[in-house]
Amino acid sequence: MHASVDHLALDEGEITVNKLNEVVSDTSLSLSELLSKVVETITAAVPNIKSRNIMRVICEHAVTGRLEDEALKVADQLSEYDLKDPDTAYVVYSLLLRLSDVCPNAIRRLDSHEWLAHLVDALVSHPVPGRAEQIASQLLCKVCDNRELSLSELEIFNERFVEQLCELIEHTRESEDQNSEYIRTLLTVHDQLAQKYAARAVVSNPVLEVLEKRIDHSKTLTENFILLFNRADDRTQRLKMVSFLDNILQNPPTRNLFYTNDLGVILDVVLRETKNVDADDEMLHQKYIFLIPLLLHLPGADWPPQRKKDVEKLLTGIRDGPFVRQQTRPLLEDPSHIPPTTITHTAPTSLANMVELKEVEVKTEIDVIETPTATLIEETTTTTLEEDDGDSEYEDESDFEAAVVVERSTTVISGGYSDIDDEFDEDEDLEESLLERLQALVDVVPRETRKSVARSVSTFTSGAWGAVQWVGSAAWVVATAAMLVGLPVALELEREQFVFQQEAQMRQQQQQAQQMVQPGLGGIPGTIPGGNQQIPGLPNQQI
Numbered sequence: 001m002h003a004s005v006d007h008l009a010l011d012e013g014e015i016t017v018n019k020l021n022e023v024v025s026d027t028s029l030s031l032s033e034l035l036s037k038v039v040e041t042i043t044a045a046v047p048n049i050k051s052r053n054i055m056r057v058i059c060e061h062a063v064t065g066r067l068e069d070e071a072l073k074v075a076d077q078l079s080e081y082d083l084k085d086p087d088t089a090y091v092v093y094s095l096l097l098r099l100s101d102v103c104p105n106a107i108r109r110l111d112s113h114e115w116l117a118h119l120v121d122a123l124v125s126h127p128v129p130g131r132a133e134q135i136a137s138q139l140l141c142k143v144c145d146n147r148e149l150s151l152s153e154l155e156i157f158n159e160r161f162v163e164q165l166c167e168l169i170e171h172t173r174e175s176e177d178q179n180s181e182y183i184r185t186l187l188t189v190h191d192q193l194a195q196k197y198a199a200r201a202v203v204s205n206p207v208l209e210v211l212e213k214r215i216d217h218s219k220t221l222t223e224n225f226i227l228l229f230n231r232a233d234d235r236t237q238r239l240k241m242v243s244f245l246d247n248i249l250q251n252p253p254t255r256n257l258f259y260t261n262d263l264g265v266i267l268d269v270v271l272r273e274t275k276n277v278d279a280d281d282e283m284l285h286q287k288y289i290f291l292i293p294l295l296l297h298l299p300g301a302d303w304p305p306q307r308k309k310d311v312e313k314l315l316t317g318i319r320d321g322p323f324v325r326q327q328t329r330p331l332l333e334d335p336s337h338i339p340p341t342t343i344t345h346t347a348p349t350s351l352a353n354m355v356e357l358k359e360v361e362v363k364t365e366i367d368v369i370e371t372p373t374a375t376l377i378e379e380t381t382t383t384t385l386e387e388d389d390g391d392s393e394y395e396d397e398s399d400f401e402a403a404v405v406v407e408r409s410t411t412v413i414s415g416g417y418s419d420i421d422d423e424f425d426e427d428e429d430l431e432e433s434l435l436e437r438l439q440a441l442v443d444v445v446p447r448e449t450r451k452s453v454a455r456s457v458s459t460f461t462s463g464a465w466g467a468v469q470w471v472g473s474a475a476w477v478v479a480t481a482a483m484l485v486g487l488p489v490a491l492e493l494e495r496e497q498f499v500f501q502q503e504a505q506m507r508q509q510q511q512q513a514q515q516m517v518q519p520g521l522g523g524i525p526g527t528i529p530g531g532n533q534q535i536p537g538l539p540n541q542q543i
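Under the working numbering, think of the first position of the sequence shown as 1, with each following residue one higher.
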């Protein structure tokens with residue numbers, strides 16, 4: 001029977017999608033006509049659609065094309081529909097929910113149409129929840145997550161509304177999807193109230209007041225809340241859940257809302273998230289840390305000593321870790337966050353309202369380590385006190401003996417310090433080598449941290465090697481360019497210098513030749529001055 005119903009739903013969903021494709025592709029329709037036909041087509045198929053997933057797919061095919069491009073106008077027109085019919089309300093809520101996914105600004109248009117009051121009224125006026133109420137709760141969460149509501153707007157979340165919401169949670173125990181949506185709505189409403197009422201202690205929180213009256217009638221709420229708390233992966237949802245637990249555990253009338261076994265599960269989840277949450281998310285990390293002392297010091301919660309030691313070990317590991325934020329480290333260093341296994345500490349003023357303090361008798365014992373210096377001091381003190389110098393009975397011997405004890409003890413301590421210095425000198429000779437220290441550091445550092453450091457070193461090395469290669473390539477390019485440009489210039493300069501030298505040599509030879517042919521410079525070698533000089537190759541001169 002169920003198989004045939006599911007098959008019918010799938011067939012109806014496919015038929016509806018095909019019809020919607022035809023409607024959306026019709027360009028002759030105006031926007032209002034197109035939206036009206038889309039709503040009519042989906043509403044006609046609602047009785048045969050039993051699955052929320054099929055409805056989601058149908059809305060995804062519907063909100064395309066012009067409906068997606070003009071999402072703001074579509075939101076305004078959907079706000080004008082008459083929602084008295086449950087099927088029509090279911091379709092309109094689903095389309096608005098889809099619009100908020102494709103266009104976040106569309107959800108802001110609902111404020112001008114008083115959708116907040118309408119959604120609250122839809123949840124309050126239907127004692128028997130249906131599909132429309134489930135989508136209305138999702139849409140209410142969208143509206144609240146979009147902005148912080150004012151005090152006047154928060155008045156709509158009165159005790160009547162919270163009471164009805166808690167009843168819806170208890171009545172939908174068998175439907176996991178609906179129950180989860182109503183719990184998320186309760187957490188969203190509480191988060192809005194907690195943000196406003198945190199600085200106004202005189203104003204009561206309706207969620208806490210209703211839960212105070214329903215301590216024995218919130219079994220489904222507590223059980224499914226723990227399931228959601230364990231599976232939560234969305235940051236916004238985790239912040240809401242941590243804030244809810246914080247207020248529940250701090251408020252004395254509601255701190256017994258969870259059973260003792262449930263508190264153990266909550267503590268396990270808190271410790272896991274405290275260890276695994278991203279250290280960069282400082283707000284969420286600190287909120288998880290604040291929950292630990294509330295759970296450990298909760299009246300009536302009897303935690304085994306081994307459990308407390310495990311918590312102390314975990315917090316110490318997080319505190320000494322390399323990735324914890326500087327603002328978060330003081331919270332882990334504060335003694336109030338470490339379970340009091342051997343000694344009770346007093347919480348600081350900033351956390352006094354979070355941790356319930358009790359007066360406990362504390363006995364302090366000083367264990368003195370037996371060393372040669374301490375033994376010698378003890379023997380000297382005993383010997384001095386036992387000595388009797390036989391002075392007058394009117395003499396104040398206590399002051400004198402005290403002075404002697406101090407003097408001898410000072411001498412012994414001075415000698416002891418020299419012995420300790422000698423021991424330190426001997427220890428310096430036994431210091432570990434650098435390799436041994438690195439090996440010990442490898443054993444101490446967690447495996448994930450070592451991998452992270454190795455990846456960082458590898459990335460830095462690769463980057464440095466790439467930079468060196470780039471610098472080498474740039475140097476080679478510059479050198480090659482210098483050679484290509486400078487070598488021809490050098491050759492040209494050398495050629496010009498060679499030509500200049502040749503010209504200078506030729507000018508020098510010409511000057512020498514001119515000096516040889518000028519008269520009065522002694523004539524031709526081998527002739528007699530003033531005589532008849534015969535130039536070779538010319539006829540003799542006639543006198």
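Ideal Cβ positions, reconstructed from N, Cα and C, are used throughout, including at glycine.
- The beta carbon of T185 sits closer than 7 Å to those of S137, L140, C141 and L165, all from its chain and outside the five residues before and after it, given in chain order.
- For the segment 257 to 331, there is no continuous beta strand (DSSP E) assignment of 3+ residues that stays within its boundaries.
- Listed in chain order, the alpha helix (DSSP H) elements of length 4 or more contained wholly in the segment 48 to 115 are 52 to 62, 66 to 69, 71 to 78 and 86 to 102.
- Shown here for L291: same chain residues with a beta carbon closer than 7 Å to its own, the five before and five after excluded, namely V242, L245, D246 and V270 in chain order.
- Below 8 Å, enough C-beta pairs join the segment 87 to 100 and the segment 29 to 46 to call them touching: three or more.
- In the structure shown, G472 adopts helical secondary structure according to DSSP, grouped into three states.
- In this structure K275 touches I318 by the C-beta definition: roughly 7 Å separates them, less than 8 Å.
- Of all alpha-carbon atoms in D177, Q192, E133 and A132, the one lying nearest the alpha-carbon of I156 is that of Q192.
- In this structure, the alpha-carbon of T459 lies about 10 Å from that of G466.
- At the C-beta level, L257 and I215 come within 8 Å of one another.
- Rounded to whole angstroms, the gap between the alpha carbons of D262 and N146 is 32 Å.
- In the DSSP annotation of this structure, the continuous segment of the alpha helix (DSSP H) that includes T43 starts and ends at L31 to A45.
- Contact between the segment 106 to 126 and the segment 76 to 88 is present, with at least three C-beta pairs closer than 8 Å.
- Proximity to A106 across E70, D85, L20 and K19 peaks at E70, based on C-alpha coordinates.
- If only complete runs of 4 or more residues are kept, the segment 211 to 240 shows the alpha helix (DSSP H) at 219 to 231, in order along the chain.
- Taking each of V162, L228 and E496 in turn and checking the Cα distance to V207, the smallest one comes out for V162.
- Considering only S180, S218, D101 and E148, the residue with the shortest C-alpha distance to E133 is S180.
- Collapsing the DSSP output to three states places I156 in coil.
- Annotation: W476 to G463 spans about 20 Å, alpha carbon to alpha carbon.
- A residue is called buried when at least 16 other Cβ atoms come within 10 angstroms of its Cβ; V23 meets this threshold and is buried.
- Linking V265 to L35 through their CA atoms gives a straight-line distance of about 49 Å.
- The three-state reading of DSSP puts G130 in coil, since its state is none of H, G, I, E or B.
- Between the C-alpha atoms of A232 and E68 there is a straight-line separation of about 30 Å.
- CA-CA distance, F229 to R238, rounds to 7 Å.
- Boundaries of the alpha helix (DSSP H) around R184: E176 to Y197.
- In this structure, R255 and T220 do not form a Cβ contact; the two beta carbons are roughly 19 Å apart against a cut-off of 8 Å.
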